[in-house]
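Residue numbers (my numbering): 22 to 282. For glycine and all other residues, C-beta sits at the position ideal for the given N, C-alpha and C. Worksheet for the structure shown next.
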Ligand code: BV8
């Protein structure tokens, strides 16, 4: 079922509310789209301004960093600035509320902006790392304290190697433990919500399909169609900032009614 984008408060199909009311285990899987209403550009939006001439796939790789570490470090510094000015939006906050309504909830994100944590979500499974973290390019470990204001990129205080953003680049393996936890949750989910993702970046994009194959009720939230749309039980066509709060309101009403009955 595909629901059209409706400017008024979106009507959530009863099958979605019923599935959530009956669910033991719910997984929310998010992509850049959930942060779009916070003013954080999505990955496939045209790059703005000075970065317009680069595509993320060109910059978000170890090869790009080896070729031009200063350019890549400065692109991430620019994006860190955008994220620092951004605030969680009603979509992020709705997932905090949803976690309180279901017996077992897991939040898996492809995003690196940390907005879920700033909204109050706990135990967020970050598949692609976090833009506010910094790693040593040589040792591959997180570096907390380093001198800024000198060379760009700054140097590792231990080994003198270049520092890099603590994100997972294209052609890099995802953190094994995070990916395994995410796959385990997807396999066991009763309801799997796929929110704000173009569903094209693997292996993360596999998760909604794994959930579907293991019997989960799959709900997509996206203004656009994606490769998941045809497989989802319900595809809600609109912005997560209004659809997710509507889902939580509907679930809270249904739970109150079943308690009252
Ligand atoms: C790897 C961090 C191997 C960096 C990112 C098959 C299997 C395995 C790998 C591959 C494979 N096929 C191809 C690959 C290679 C590659 C890949 O998938 N390429 C794609 C482009 C085809 N995958 C990799 O390289 C991965 N690594 O597999 O390594 C390996 C294994 C072992 C040992 C060594 C190597 C690594 C992938 C991770 C890359 N890092 N980010 C950074 O941020 O700079 S990925 C990047 O894309 C972001 O993290 C982003 O989250 C992710 C996915 O994008 P989305 O989140 O979906 O965002 P996007 O902009 O695309 O879409 C936004 C959506 O939101 C849209 O649909 C839009 O309609 C919607 N939207 C807009 N507004 C709203 C909204 N929705 C709701 N509400 C709104 N208001």
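>> On the criterion of 16 or more Cβ atoms from any shown chain inside 10 Å, does residue 57 qualify as buried, or is it exposed?
In response: buried
>> Suppose only complete runs of 4+ residues qualify. What are the alpha helix (DSSP H) ranges in the segment 91-128, listed by chain order?
In response: 111-122
> Hey, residue 226 and residue 148 are a contact pair by Cβ (cut 8 Å); roughly how many whole angstroms apart?
Replying inline: 10 Å between Cβ atoms; not a contact.
> Is there at least one non-hydrogen atom of ligand 1 closer than 6 Å to the beta-carbon of residue 47?
Replying inline: no
> Which residues in the same chain as residue 189 place their Cβ atom closer than 6 Å to its Cβ, once the five residues preceding and following it in sequence are excluded?
Replying inline: 149, 150 and 195
> How would you write the range of the alpha helix (DSSP H) that residue 229 sits in, first residue to last?
Replying inline: 227-234
>> By the DSSP assignment, the alpha helix (DSSP H) with residue 208 in it spans what residues?
In response: 197-209
>> Our contact map puts residue 122 next to residue 273 with C-beta atoms below 8 Å; I'd like the distance itself, whole angstroms only.
In response: 6 Å
>> Considering only their Cβ atoms, is the gap separating residue 213 from residue 81 smaller than 7 Å?
In response: no
> Is residue 177 buried or exposed, if buried means 16 or more other CB atoms sit within 10 Å of its CB?
Replying inline: buried
>> Looking only at its chain, what residues have a beta carbon closer than 6 Å to the beta carbon of residue 117, apart from the 5 residues adjacent to it on each side?
In response: 140, 141 and 142
>> For residue 135, tell me which candidate among 158, 101 and 278 has the shortest Cα-Cα distance.
In response: 101
> Skipping 5 residues on each side, what residues in its chain have a beta carbon closer than 6 Å to that of residue 60?
Replying inline: 107
> Given 8 Å as the limit, is there contact between the segment 232-247 and the segment 157-172, that is, 3 or more CB pairs closer than that?
Replying inline: no
> Candidates 77, 72, 206 and 73: which alpha carbon is nearest residue 64's?
Replying inline: 77
> Cβ of residue 64 within 6 Å of any heavy atom in ligand 1?
Replying inline: yes
>> Could you compute how far the alpha carbon of residue 119 sits from the alpha carbon of residue 89?
In response: 43 Å
> First and last residue of the beta strand (DSSP E) that includes residue 186?
Replying inline: 184-188
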